[in-house]
Amino acid sequence: MAEELIVSQGTKEDMYETLLPQIASVIEDEPDLVANMANVSAMLADTFRHWWTGFYRVQGEELVLGPFQGPLACTRIRRGRGVCGTAWEQAKTIIVPDVDQFPGHIACSSLSRSEIVVPLFQSGRVVAVLDIDSKELNTFDAVDAHYLERLAELMSSSLCLSAKNL
Numbered sequence: 049m050a051e052e053l054i055v056s057q058g059t060k061e062d063m064y065e066t067l068l069p070q071i072a073s074v075i076e077d078e079p080d081l082v083a084n085m086a087n088v089s090a091m092l093a094d095t096f097r098h099w100w101t102g103f104y105r106v107q108g109e110e111l112v113l114g115p116f117q118g119p120l121a122c123t124r125i126r127r128g129r130g131v132c133g134t135a136w137e138q139a140k141t142i143i144v145p146d147v148d149q150f151p152g153h154i155a156c157s158s159l160s161r162s163e164i165v166v167p168l169f170q171s172g173r174v175v176a177v178l179d180i181d182s183k184e185l186n187t188f189d190a191v192d193a194h195y196l197e198r199l200a201e202l203m204s205s206s207l208c209l210s211a212k213n214l
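Residue numbers for the sequence shown follow our numbering, so the first one is 49 and each next one is one higher.
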């Protein structure tokens with residue numbers, strides 16, 4: 049496991065290209081989902097310094113707060129509710145340039161202005177979502193979606209996502 053995070057000072061692409069191999073190294077031998085979510089949240093937060101970075105885990109018909117970096121967060125989100133619940137229900141990445149324009153947005157913090165949510169899959173079903181919020185409008189784009197979807201695939205393929213790990 050890496051003991052020091054190397055953060056690229058280049059473009060957003062450079063930052064992701066530097067970060068993803070480090071994440072792979074940290075999570076490759078750790079089967080515990082919560083431990084990996086905690087480290088990935090910290091690594092993303094240290095690299096990009098977004099307002100909130102974390103995970104919600106599917107528990108029955110709700111998303112339940114998992115490891116995160118940032119201020120106090122919503123604890124439970126129903127399927128189809130808010131950006132996270134919608135990404136879970138639709139099983140796809142959602143980019144929201146302005147959260148005030150998203151129907152049914154859940155305002156866990158009034159300081160959050162834009163958001164991206166990426167589902168993590170196991171055996172074709174969503175088992176968790178990665179949620180990242182920014183205090184700035186229009187923070188996230190196709191570049192973020194591409195790399196964060198690669199990250200979600202990396203986590204899904206390297207973890208043994210069994211019911212006991214969730």
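All C-beta atoms in this analysis are idealised placements derived from N, C-alpha and C, irrespective of residue type, glycine included.
Inter-residue spacing [alpha-carbon to alpha-carbon] between residue i and residue j
i: M63; j: S56; result: 5 Å
i: L185; j: D179; result: 16 Å
i: H194; j: E76; result: 21 Å
i: G58; j: L67; result: 12 Å
i: A93; j: D181; result: 11 Å
i: V74; j: V88; result: 9 Å
i: E61; j: T187; result: 14 Å
i: C156; j: G130; result: 10 Å
i: S204; j: E51; result: 23 Å
i: C122; j: Q107; result: 15 Å
i: S171; j: V191; result: 26 Å
i: L117; j: E65; result: In the sequence under discussion, the amino acid at residue 117 is Gln, which differs from the Leu named in the question. Roughly 21 Å between the two C-alpha positions.
Nearest residue (CA-CA) to residue i, options the options
i: V144; options: A176, R124, K183, R126; result: K183
i: V175; options: E65, L120, Y104; result: Y104
i: D189; options: S162, E109, V177; result: S162
i: E109; options: T95, G102, T134; result: T134
Beta carbon of residue i nearer than 8 Å to that of residue j
i: M85; j: P115; result: yes
i: R127; j: E137; result: yes
i: C132; j: L159; result: no
i: T100; j: P119; result: It should be pointed out that residue 100 corresponds to Trp in this sequence rather than to Thr. Their beta carbons are under 8 Å apart, which means W100 touches P119 by this criterion.
i: H53; j: Q70; result: Reading the sequence as shown, one finds Leu at residue 53 and not His. In this structure, Q70 lies closer than 8 Å to L53 by Cβ.
Secondary structure of residue i, DSSP reduced to three states
i: W100; result: strand
i: Q138; result: helix
i: A90; result: helix
i: L159; result: coil
i: V175; result: strand
i: V165; result: strand
i: D192; result: helix
i: G152; result: coil
i: E61; result: helix
i: S182; result: strand
i: G133; result: helix
i: P115; result: strand
i: V55; result: coil
i: R124; result: strand
i: E4; result: As displayed, the chain neither begins before 49 nor continues past 214, which places residue 4 out of reach and without an answer.
Contact test: residue i Cβ vs the ligand GDP heavy atom, cutoff 7 Å
i: H194; result: With respect to small molecules bound, the structure shown includes none, and the ligand GDP cannot be examined in it.
Is it true that the stretch 195–207 meets the stretch 161–173, where meeting means three or more beta-carbon pairs spaced less than 8 Å apart?
yes
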